[in-house]
Structures are given as structure tokens and as C-alpha cells.
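In our numbering, the protein residues as written are 632 to 713. Heads up, the beta-carbon is just placed ideally off N, CA and C, and yes, glycines get one too. Source: prediction; values computed, not measured. Notes follow the structure.
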Amino acid sequence: MTLEQFTREEGQVARRYEYEDSTVMAVDFGTEEADASVDVVDGTVIVVLADDQYEIELPETAENAHTFMKNGVLTVELEEEL
632 MTLEQFTREE
642 GQVARRYEYE
652 DSTVMAVDFG
662 TEEADASVDV
672 VDGTVIVVLA
682 DDQYEIELPE
692 TAENAHTFMK
702 NGVLTVELEE
712 EL
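As C-alpha cells, this is what we get:
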């Protein structure tokens with residue numbers, strides 16, 4: 632599921648920031664979800680919150696995805712291939 636599909640279906644607040652050589656996506660799951668885990672597998676960000684799992688597909692042009700969660704906010708940093 633893409634970021635736009637994910638936020639529309641799940642009701643999350645998300646933003647996407649485009650820079651010259653990178654893209655940053657942020658999804659706010661809320662502070663009650665601060666203990667979530669996140670990983671990237673084969674171009675998909677997988678977020679596990681308690682008993683729920685969410686998957687967000689990354690763009691095919693994305694290289695070197697870096698993910699982290701802080702205070703319930705998922706941040707995905709993507710380096711674009713030039």
C-alpha cells in the first residue's frame with residue numbers, strides 16, 4: 632500500500648517532503664504508539680504496533696531507506712538515485 636492509500640484507509644496524519652536528493656515521509660501514529668517497531672524489507676516499510684501490522688510500499692526509485700520511530704511518529708528517509 633502506498634503512503635497515500637495507507638493514510639486514507641487508516642486515518643493517519645502523514646506528510647511527504649521532497650528535496651533535491653532525498654524524500655522524507657512522516658506518519659503520526661499518536662503518542663500511545665510510542666513502543667512500535669519498524670523495519671524495511673524488500674522495499675516495504677513494516678510497522679508493528681501492539682497486535683497490528685502496517686505495510687507501506689516505498690517508491691521504486693528510492694535508495695538507502697532509513698526508518699525510525701520517536702514519540703509515535705514514523706520517519707522514513709529515502710535517498711533518491713541521481
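query                                                                                                              : result
Beta-carbon spacing of VAL704, THR698 below 9 Å                                                                    : no
Close-in-space but distant-in-sequence residues of the same chain around VAL655 (CB under 6 Å, 5 per side omitted) : TYR648, GLU708
DSSP-derived helix/strand/coil call for GLU688                                                                     : strand
Residues that DSSP places opposite ALA681 in a beta bridge                                                         : Beta-bridge pairing links ALA681 to no other residue.
Coarse secondary structure for ASN714, derived from DSSP in three states                                           : The first residue shown for the chain is 632 and the last is 713, placing residue 714 beyond what the model contains.
For MET700 and ASP682, the rounded distance between their alpha carbons                                            : 17 Å
Separation of ALA696 from VAL669, as counted between CA atoms                                                      : 12 Å
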